[in-house]
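The listed protein sequences correspond, in order, to chains A and B.
In this text, residue positions in the first sequence follow full-length UniProt numbering: the first is 1, and each later residue adds one.
In this text, residue positions in the second sequence follow full-length UniProt numbering: the first is 1, and each later residue adds one.
Glycine included, C-beta positions come from ideal geometry on N, C-alpha and C.
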Amino acid sequence: MGRLRQISKRVAQAIPVVVGVVIISFVLTRALPGDPAVYFAGATADEKSIAEVRANLGLDKPLPTQFLYYVRDLATGDLGRSLSTGQPVTEDLARRLPASLELTLCALLLSCLVAIPLGVLAATRPNSWVDHLCRVLVTTGVSMPTFFTGILLIYVFYYLLGLAPSPLGRLDFIYIDPPSVTGFFLIDSILAGDWETFLGALKQLVLPAVTLALFTLAPIARMTRAAMLSALSSDFIRTARAAGLTWRTILFGYALRNAMLPVITTLGMVFSFTLGANVLVEKVFAWPGIGSYAVEALVASDYAAVQGFVLAMALLFVALNLVIDILYTLIDPRIGFAD
Amino acid sequence: MSDATAPAPARQSTLGHIGYVLRDNPVTLVAFLMFALLIVLAFFGPMLAPYDPLASNASRALEPPSWDHWFGTDNLGRDILSRVIVATRLDLTISVAAVALSFIAGSVLGAVAGYWGGWVDAGLSRCLDTIMAFPLFVLAMGIVAAMGNTVENIVYATAIINLPFYARLVRAEVNIRRNAGFALAAKLSGNSDARVLALHIFPNALPPMMVQVSLNLGWAILNAAGLSFIGLGVRPPTAEWGIMVAEGANFIVSGEWWVALFPGMALVLAVFTFNLLGDGLRDMVDPRRRT
Chain A
1 MGRLRQISKR VAQAIPVVVG VVIISFVLTR ALPGDPAVYF AGATADEKSI AEVRANLGLD
61 KPLPTQFLYY VRDLATGDLG RSLSTGQPVT EDLARRLPAS LELTLCALLL SCLVAIPLGV
121 LAATRPNSWV DHLCRVLVTT GVSMPTFFTG ILLIYVFYYL LGLAPSPLGR LDFIYIDPPS
181 VTGFFLIDSI LAGDWETFLG ALKQLVLPAV TLALFTLAPI ARMTRAAMLS ALSSDFIRTA
241 RAAGLTWRTI LFGYALRNAM LPVITTLGMV FSFTLGANVL VEKVFAWPGI GSYAVEALVA
301 SDYAAVQGFV LAMALLFVAL NLVIDILYTL IDPRIGFAD
Chain B
1 MSDATAPAPA RQSTLGHIGY VLRDNPVTLV AFLMFALLIV LAFFGPMLAP YDPLASNASR
61 ALEPPSWDHW FGTDNLGRDI LSRVIVATRL DLTISVAAVA LSFIAGSVLG AVAGYWGGWV
121 DAGLSRCLDT IMAFPLFVLA MGIVAAMGNT VENIVYATAI INLPFYARLV RAEVNIRRNA
181 GFALAAKLSG NSDARVLALH IFPNALPPMM VQVSLNLGWA ILNAAGLSFI GLGVRPPTAE
241 WGIMVAEGAN FIVSGEWWVA LFPGMALVLA VFTFNLLGDG LRDMVDPRRR T
């Protein structure tokens with residue numbers, strides 16, 4: 001079947017990128033300052049024991065061999081051991097990933113719920129106040145550093161108004177973590193039927209999610225507006241109007257469905273920004289996700305953890321782009337991948 | 001005939017066109033004025049600052065804005081206005097240096113790939129794809145962690161993550177003109193490939209590049225400030241907007257808003273200026289692309 005072949009071709013295209021990502025992350029790992037052998041040998045080590053440790057770690061081998069070792073470790077899910085937590089990096093990342101994903105996905109959802117209607121409204125009423133509001137929001141959104149937005153929101157909603165809980169993590173200490181099923185506190189607390197904890201987790205989530213959403217609002221709204229404008233001025237809309245379809249049918253049935261394709265593509269790029277901004281937002285709100293893990297590791301010069309984080313983020317992003325491209329083929333049969 | 005009856009309008013001079021765009025869009029004019037202000041602060045900041053940005057005064061710590069200290073003082077009693085002004089130079093230097101590096105490297109790589117094509121092109125495209133496969137801020141974190149935590153490495157990391165945008169732009173612009181009549185004519189009159197590329201084809205890529213530069217400057221400032229916010233690159237007590245916001249973040253929960261607000265606003269203002277400037281430049285370069 002043609003479509004299946006297209007999809008497998010797209011998956012094949014992702015392979016060189018994954019290889020490139022692994023090579024870059026290997027180079028970054030080997031460029032680390034300091035000699036890991038000296039570190040692991042301990043304070044009382046002499047020349048001989050350091051050389052022994054170096055041989056054990058495989059660091060005396062030529063670089064290509066070391067690269068093979070690195071790939072072998074990766075294949076078994078071994079990203080090294082974190083110096084600060086003493087745990088394997090893979091375990092640390094896996095434990096903290098749900099917190100980051102919960103925050104990122106909520107933010108993206110929130111931002112789509114606001115940005116897409118805003119973009120549609122701006123496109124249907126060019127040069128109205130909605131359009132101007134959209135433009136102001138877009139320009140402000142891309143100019144505000146996320147960490148600064150977060151701090152402003154904390155000041156207004158926590159200090160001045162007292163509406164938000166203190167910006168310290170996923171759940172106030174008066175609540176007990178819900179039994180872990182998915183790792184998403186919102187879902188887990190519903191599964192446990194614990195509405196009080198659900199509300200508590202939601203309250204903690206609102207401010208960081210809004211901070212991230214404000215940042216991602218701009219590109220989505222901008223793209224929706226542009227895509228809707230071009231869809232609305234196309235021939236098939238004119239035909240649909242001439243055929244006497246209602247404005248509502250034309251707008252949502254014809255124009256929006258066609259405009260969604262470029263918007264979905266933009267979502268991939270937005271996700272890249274979000275993963276980066278996540279690091280800053282998690283730091284501001286003391287959110288126990290992988291971003292704040294990486295920041296703590298950076299401060300403690302715990303480089304294995306940082307590199308594991310960079311690699312994990314890159315692989316996540318490659319996988320996401322793959323999914324978006326495949327979705328795209330499924331939604332729009334006209335799309336083919338250029339050979 | 002038609003020339004005699006209706007003479008073609010005199011070709012609009014570049015300056016006239018810029019003046020027209022500025023009159024038409026006052027926002028761009030404002031952006032240019034704010035840009036001029038930033039430049040003045042960057043060059044003469046240390047002379048304009050009312051206090052020494054590093055002088056601490058424990059008896060006047062964490063004072064709200066007053067006539068003595070317009071922006072208040074921080075936890076060590078340092079004058080925030082002075083620190084915000086002095087930081088302009090460092091922040092602009094980091095972003096301008098990073099953007100200049102990626103501009104130069106991206107132009108050379110993109111021009112070579114676009115002009116000669118072949119395996120150079122294929123190799124470069126794969127490398128750029130790989131860079132773009134990383135969430136860019138995260139890659140910058142990784143690079144700084146690997147190369148060492150210094151201001152120079154912040155510049156290099158920012159340059160590397162911006163490189164693909166320039167290289168791709170130049171590659172596309174050069175590629176479509178590779179076999180254009182004027183390029184072939186220049187080649188036929190005995191110019192070397194390198195000369196044709198550098199003097200005849202590449203200048204055509206400059207207008208869209210300038211737009212990209214302006215948009216990227218804002219982004220580079222955000223990136224550098226973000227890195228120093230999480231403790232990379234610039235070290236205290238150096239005055240830098242990102243690190244000042246980070247210092248102020250500790251006091252926001254107890255209500256000392258001015259420590260974080262003013263450096264943050266400076267940051268927003270600078271990025272805002274470059275973004276508006278980029279939009280304005282785009283109008284000048286290509287009015288059709290207005291959105």
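Handout entry: Three-state class that DSSP yields for T291 of chain B in the structure shown
Key = With a pLDDT of 44 at T291 of chain B, under the threshold of 50, the modelled position of that residue is not reliable, and no figure is offered here.
Exercise for the section: Pull up the DSSP beta-bridge partners for D79 of chain B, would you. Expected result: B:T73
Exercise for the section: Could you give the DSSP three-state label for R81 of chain A: helix, strand or coil? Expected result: strand
Problem - Beta-carbon neighbours of I154 of chain A, restricted to chain B and to distances below 7 angstroms - result: I252, V253
Practice task
Go through its chain and collect everything with a Cβ distance to S292 of chain A's Cβ below 6 angstroms, but skip five positions before and after it.
Solution key: E282, K283
Exercise for the section: Using the DSSP secondary-structure output, state which residues sit across from P263 of chain B in a beta bridge. Expected result: Beta-bridge pairing links P263 of chain B to no other residue.
Exercise for the section: Could you name the residues of the same chain whose beta carbon sits closer than 6 angstroms to that of A305 of chain A, not counting the 5 residues immediately before and after it, in chain order? Expected result: S82, V89, A297
Practice task
Determine contact between the stretch 189 to 203 of chain A and the stretch 170 to 177 of chain A, defined as no fewer than three beta-carbon pairs at a distance below 8 angstroms.
Solution key: yes
Problem - In DSSP terms, what P88 of chain A is bridged to - result: A:R81
Problem - Other residues of its chain near P64 of chain B: CB distance less than 7 angstroms, five sequence neighbours each side excluded - result: G72, W258
Problem - Neighbourhood of R96 of chain A by C-beta distance below 7 angstroms, restricted to the same chain and skipping five residues each side - result: Excluding positions up to five away in sequence, the list reads P288, G289, I290, Y293.
Problem - Members of the stretch 130 to 162 of chain B near chain A, C-beta cut-off 9 angstroms - result: T130, I131, M132, A133, F134, P135, L136, F137, V138, L139, A140, M141, G142, I143, V144, A145, A146, M147, G148, N149
Exercise for the section: Examine the ligand SAH and report whether any of its heavy atoms sits within less than 7 angstroms of the Cβ of G150 of chain A. Expected result: The model on display carries no ligand, and the ligand SAH is accordingly not part of it.
Exercise for the section: Name, please, each residue of chain A whose Cβ falls closer than 9 angstroms to the Cβ of G226 of chain B. Expected result: P145, T146, F147, G276, A277, V279, L280
Exercise for the section: Please list the residues of the stretch 297 to 308 of chain A that have a C-beta atom closer than 7 angstroms to any C-beta atom in chain B, keeping them in chain order. Expected result: L298, V299, Y303, V306, Q307
Exercise for the section: Less than 8 angstroms between the CB atoms is what I'm expecting for L124 of chain A and L251 of chain A, so what's the real figure, rounded? Expected result: The question names Leu, but residue 124 of chain A is Thr in the sequence shown. Cβ-Cβ separation between T124 of chain A and L251 of chain A: approximately 7 angstroms, consistent with a contact (criterion under 8 angstroms).
Handout entry: M313 of chain A: contacting residues in chain B (beta-carbon distance under 8 angstroms)
Key = Within chain B, F134, P135, V138 have C-beta atoms less than 8 angstroms from the C-beta of M313 of chain A, given in sequence order.
Handout entry: Whole-number beta carbon distance between F67 of chain A and F229 of chain B, since they are thought to touch under 8 angstroms
Key = Actually they do not touch by this definition, with Cβ atoms about 34 angstroms apart.
Handout entry: Member of B:V151, B:R126, B:V40 whose CA lies at the smallest distance from the CA of T238 of chain B
Key = B:V151
Practice task
Examine chain B for any beta-carbon lying closer than 8 angstroms to the beta-carbon of T139 of chain A, and answer yes or no.
Solution key: yes
Problem - Residues within the stretch 253 to 267 of chain B neighbouring chain A, beta-carbon criterion of under 8 angstroms - result: V253, S254, G255, W257, A260, L261, G264, L267
Exercise for the section: At 9 angstroms on the CB atoms, spell out the chain A contacts of G218 of chain B, in chain order. Expected result: V142, S143
Exercise for the section: Note the first and the last residue of the continuous alpha helix (DSSP H) segment covering S125 of chain B. Expected result: 118 to 132
Practice task
Give the straight-line distance between the Cα atoms of N258 of chain A and P64 of chain A, rounded to the nearest whole angstrom.
Solution key: 49 angstroms
Problem - chain B contact residues for K283 of chain A, given Cβ-Cβ distances below 8 angstroms - result: Simply F229, I230.
Practice task
Check each candidate in A:L28, A:R10, A:I15 and name the one with the smallest Cα separation from A157 of chain B.
Solution key: A:L28
Practice task
For F317 of chain A, go through chain E and note every residue whose CB falls closer than 9 angstroms to its CB, in chain order.
Solution key: Protein chains A and B are contained in the structure displayed, whereas chain E is not.
Practice task
Please confirm if L62 of chain B has its CB atom under 8 angstroms from at least one CB of chain A.
Solution key: No Cβ of chain A is located within less than 8 angstroms of the beta carbon of L62 of chain B.
Handout entry: the stretch 316 to 334 of chain A contacting the stretch 118 to 132 of chain A, beta-carbon criterion three pairs below 8 angstroms
Key = no
Exercise for the section: Just confirm the distance between the C-beta atoms of L22 of chain B and V144 of chain B, as a whole number of angstroms; I'd bet it's less than 8 angstroms. Expected result: Not quite, the Cβ-Cβ distance comes to about 39 angstroms (not below 8 angstroms), so this is no contact.
Exercise for the section: Spatial neighbours of D68 of chain B within its chain, please: CB distance less than 7 angstroms, with the 5 preceding and 5 following residues excluded, ordered by chain position. Expected result: none
Practice task
Taking the CB atoms as reference points, tell me whether V138 of chain B and V11 of chain A lie closer together than 8 angstroms.
Solution key: no
Exercise for the section: Indicate the three-state DSSP secondary structure (helix, strand or coil) for T5 of chain B in the structure shown. Expected result: Unreliable positioning characterises T5 of chain B in this predicted model, as indicated by a pLDDT of 45, which lies under 50. A coordinate reading is not provided.
Handout entry: Neighbouring residues, chain A, relative to N275 of chain B (Cβ below 7 angstroms)
Key = T139, V142, S143
Problem - Selected residue, minimal CA-CA separation from N250 of chain B, among A:V138, A:I264, A:S166, A:G141 - result: A:S166
Practice task
With 8 angstroms as the threshold, decide whether the Cβ of R126 of chain B is near any Cβ in chain A.
Solution key: Yes, because at least one Cβ of chain A sits closer than 8 angstroms to the Cβ of R126 of chain B.
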